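Below is one structure, written out as structure tokens; comments come after it.
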Amino acid sequence: MRKSPEVIHRELFPSKTQRQPRASVSSLCSLKRAPDKINEDLDIMSRVWQLGSRFGGNSSHLTDGSESEFKSYSTLWLLLIGLVAFYTSYDALKAPLRFIWYCFLRPLGKNQTQQDRLDQFYQGQAEIYDSTRHKLLRGRKTMLQLAAAHMRERKSNKPLVWVDIGGGTGWNIETMDAYMPIKQFDAIYLVDLCDPLLHIARQRFAAKGWTNVHVIHADACTFRLPGWPTDGGVRPGSVSLVTLSYSLSMIPPYHRLLDRVDRMLEPTYGLVGVVDFYASRSCAGLHEESIGGVGKVVGWLGHWFWQIWFDLDHVDLSPGRRDYLQYKFGTVKILNRRNGMFLPWFIQIPYYVWLGCSRSVNVSAALEAFETDSGNSVGNYSPKSVALTRGLKRVTSVVRLSGKDDGSSDSEAEVDTQLEEIVPPNSAFHYHSQTPWRLPYHTHAVHKEFRTFIYAFTWEDPMEDMKHLELTRDSSILCISSAGDNALHYAIAAGPRRIHCVDMNPCQSHLVELKLAALRTLSHATFFDMFGSGKLSNFRGLLDNQLSPWLSSAAYQFWRDNQNAFEKSFYQRGYSGWALRVTKWVLSLGGVLEDAKRMCNVDTIEEQDRIWREKLRPVLLSNWFVKLVLNNPAFLWNALGVPLAQRRAFLNEGSCYEFARDTMDPIAKTALLKDGAYHYLLCLLGHYTPSSCPAYLTREGYDKLRENNFERLESFRLHTESITNVLRGMQPGQLTHAVIMDHLDWFDPGAVEVEDEIAQLKRVLLPGGTVFWRSAARKPWYCKVFKRNGFKLTALGVRTGPEQAIDRVNMYASFWKGVRVE
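Once you know that position 590 of the sequence shown is 590 in full-length UniProt numbering, the rest is easy, because the numbers rise by one and skip nothing.
What follows is the structure in structure tokens.
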């Protein structure tokens, strides 16, 4: 039976004699102390809700008295809800409200000095400075981690002194303790002109009990440390580390400041770390390219907006500060980022992290590796470097140095006409003092065509290479970088004196660099997690704290941009990752994914071949898969790195189906995937296993590469150039071997580039030196070019059908050797 409105009203609102006392504002303050009271209030609130629900929000059914009482309850509870919300969130809102008031609303007034302006600006917000800046001032931890990592590797035997200029509350120093213990420093000096912030710093350091940390209230351009001259000068070379965390843009006489920092910095091992906002409109030429200017350019609107916005708070983002910093000091690392703390899809504040050193540091070892040993003259030089007497030159990749008819190089006078003069300073590659692996290069238009690496792993079989290479400890070999797997195999198996890895794709060299750095710094278990399992949860931390000193600035930037590469499966990254993803999708769609996994674990060739023929072959060699995928030019290039010219090479000798059949059919009966045939195991599983992986991932290979103080790793030189340009920079007879993989398949028949490259190979290889290549064609057209240039050719393996594989990979139709006999 439906109740009348009057009955409902009496049920919800008892008579005044029975009704509980109303909640008052004073009860709000005792919410935590009186849970029973809260329950009573919630009960009344529930009744009001029921009343509103039954009448659909329409109070016309109520009497005048009940409507008035309903409104009074509603108003009271809206007030109470607001008070509760304010009461519970007051502490969380207090800091942001103070930040907004002091930063955006409170007028600064007219201050005569920089110190007065700073004191007035921070006086009321010093206590909340750190809690309100952690999202705004990003990059500080990165700068500290990079500085700590590089200082550990530099291992100076001089007193370790750190000066944090504009360090304010001491947050930098307290945070650094997690990356490099404060007790390891002989002395730390925090210099700042703002007394309210320094008051927080003094409290912080006293609570930590650090006696080697000192607070100096002084101007950054005039402060004195113990033992310094009283006339305002500095003691040259007395400081190991100088950091400026969002302070360089706030110090007006920045030329004077940076000149002073340069004088106080220890010239051999000293470091300067800077993190700050910026608003640069463009990169400043070749120097910017050579130190790594990726992501620096700010759009027109952002360039002007951020300069004007920050100028309201006397923060100067004009390009001159950063330009002078990078001119005055040698760049070791640089990282350009965007802070999207507010509406990241729309508002992104540009900031940079920079690590540098004195320009007087000795770079002769780098010059020896770059020019004498590798024939590379890319880069520019400091007035203080030994390179001054050798000229300031670089070879441009668009210029081809002509050679004489006999293959010898031109005279010095003729070569100089092909070079461009470059003014100082040096590139970041020269100041990368840990190792000269990566040779300097400038960004070209062709580099921008590669978004990432094509190959996450190397297709060619290095075991087959080693049967014919005959490498010794005195050998000097040139090979294509790819993923570096084969080059590392050569280093393990023979330890040649020099290994030149060449690739036009900078990202491939970034990958090889990462592997070399990981071999230097990581345990075998962690190293295998990275490149064996392809998963590493803490890659970002390892990159900043351990790997960064062994990476060039360009490589470090690339891996920071791709810091998620190891989160799930590294081998599903890059262009080749598409091949693995498509393979997994097709096997799953065909219902044979579990059979593929079982095929990777069987103990006999017979069982492996049976699974292939009965389960996987009907799927992977089906007509629809061959036509839609394997014969698709877009898939061949984006997933397998097969260009159109190479596709035409194998189609001229048969169909796509025949090529795929001849490639895959013999594999299952050639070698066990479980015990060494790791190329296809990776394709089926998405990762390697300890018993089936490249040599550099095995414990024996890992130890071999690290023995004798990493002697075998020091043989690597990574070129980001075309093979022809690299060869032009080398002396006659500098190489004993060259392995150019299937590289010449990329050119159409008759291409002049092939003629040039083979001529340069003849010039650079010693008499009796050998060059090896593979081809998708059984009879590649360029064999006749090798013969014309005086090479004796031998076919080491040619596929004749689906019965026999030429190696464990069998990806190519032929394998060739050429010996220089003239």
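All C-beta atoms in this analysis are idealised placements derived from N, C-alpha and C, irrespective of residue type, glycine included.
Predicted, not measured: the structure shown is a model, and the values here were computed from it.
{"Asked": "Range covered by the beta strand (DSSP E) that runs through Gly797", "Found": "791-798"}
{"Asked": "Cys507 beta carbon less than 7 angstroms from that of Phe453", "Found": "yes"}
{"Asked": "7 angstroms Cβ cutoff met for Thr663 and Asn789", "Found": "no"}
{"Asked": "Pro767 - containing beta strand (DSSP E), residue span", "Found": "765-775"}
{"Asked": "Among Thr211, Lys158, Leu198, Arg647, the one whose alpha carbon lies nearest that of Glu266", "Found": "Lys158"}
{"Asked": "Secondary structure of Leu146, DSSP reduced to three states", "Found": "helix"}
{"Asked": "Pair within 7 angstroms by beta-carbon distance, Arg820 and Phe786", "Found": "no"}
{"Asked": "Option nearest Lys568 by Cα separation, candidates Arg337, Lys535, Met530", "Found": "Lys535"}
{"Asked": "Under the three-state DSSP convention, the category Ile477 falls into", "Found": "strand"}
{"Asked": "Residue burial classification, Ala365 (beta-carbon count within 10 angstroms, cutoff 16)", "Found": "exposed"}
{"Asked": "Between the CA atoms of Val215 and Leu225 - distance to the nearest angstrom", "Found": "11 angstroms"}
{"Asked": "In DSSP terms, what Ile349 is bridged to", "Found": "Asn339"}
{"Asked": "Start-to-end residues for the beta strand (DSSP E) that takes in His303", "Found": "Note, His303: premise wrong, no beta strand (DSSP E); alpha helix (DSSP H) at 300-311."}
{"Asked": "Exposure label - Gly233; buried when at least 16 CB within 10 Å", "Found": "exposed"}
{"Asked": "Continuous beta strand (DSSP E) stretch holding Cys501: start and end", "Found": "498-502"}
{"Asked": "Sequence-distant residues of the same chain with beta carbon closer than 6 angstroms to Ile477, five excluded per side", "Found": "Pro496, Ile499, His737"}
{"Asked": "Cβ-Cβ separation, Ser552 to Glu513 (assumed contact under 8 angstroms), whole Å", "Found": "6 angstroms"}
{"Asked": "Coarse secondary structure for Thr331, derived from DSSP in three states", "Found": "strand"}
{"Asked": "Residue range of the beta strand (DSSP E) that includes Val213", "Found": "213-217"}
{"Asked": "Length of the line joining the Cα atoms of Thr770 and Val161", "Found": "54 angstroms"}
{"Asked": "CA nearest to the CA of Leu547, picked from Phe566, Gln348, Phe570, Leu516", "Found": "Leu516"}
{"Asked": "Span separating the alpha-carbon of Thr583 from that of Ala777", "Found": "24 angstroms"}
{"Asked": "Cβ-Cβ separation, Cys656 to Leu630 (assumed contact under 8 angstroms), whole Å", "Found": "6 angstroms"}
{"Asked": "Nearest-angstrom Cα separation, counted from Ile173 out to Asp192", "Found": "13 angstroms"}
{"Asked": "Helix, strand or coil at Trp354 [DSSP, three-state]", "Found": "strand"}
{"Asked": "4 or more residues per run - each alpha helix (DSSP H) lying fully within the stretch 132-188", "Found": "140-154, 171-176"}
{"Asked": "Coarse secondary structure for Leu514, derived from DSSP in three states", "Found": "helix"}
{"Asked": "For Leu271, the three-state DSSP class (helix, strand or coil)", "Found": "strand"}
{"Asked": "Alpha helix (DSSP H) runs wholly inside the stretch 597-656, at least 4 long, in chain order", "Found": "605-611, 617-620, 633-640, 644-651"}
{"Asked": "Reduced DSSP secondary structure (H/G/I, E/B, other) of Ser692", "Found": "strand"}
{"Asked": "Same chain, Cβ closer than 6 angstroms to Arg808, five either side skipped, listed in chain order", "Found": "Asp461, Ala671, Ala677"}
{"Asked": "Span of the alpha helix (DSSP H) around His687", "Found": "No alpha helix (DSSP H) holds His687; DSSP gives it neither H nor E."}
{"Asked": "Contact under 7 angstroms by Cβ, Thr243 with Ala201", "Found": "no"}
{"Asked": "Residue 828 - DSSP class collapsed to helix/strand/coil", "Found": "Since the first residue of the chain shown is 1 and the last is 822, residue 828 is not available in this structure."}
{"Asked": "Opening and closing residue of the alpha helix (DSSP H) in which Phe528 lies", "Found": "524-528"}
{"Asked": "Pairwise C-alpha distance: Gly299 and Leu118", "Found": "31 angstroms"}
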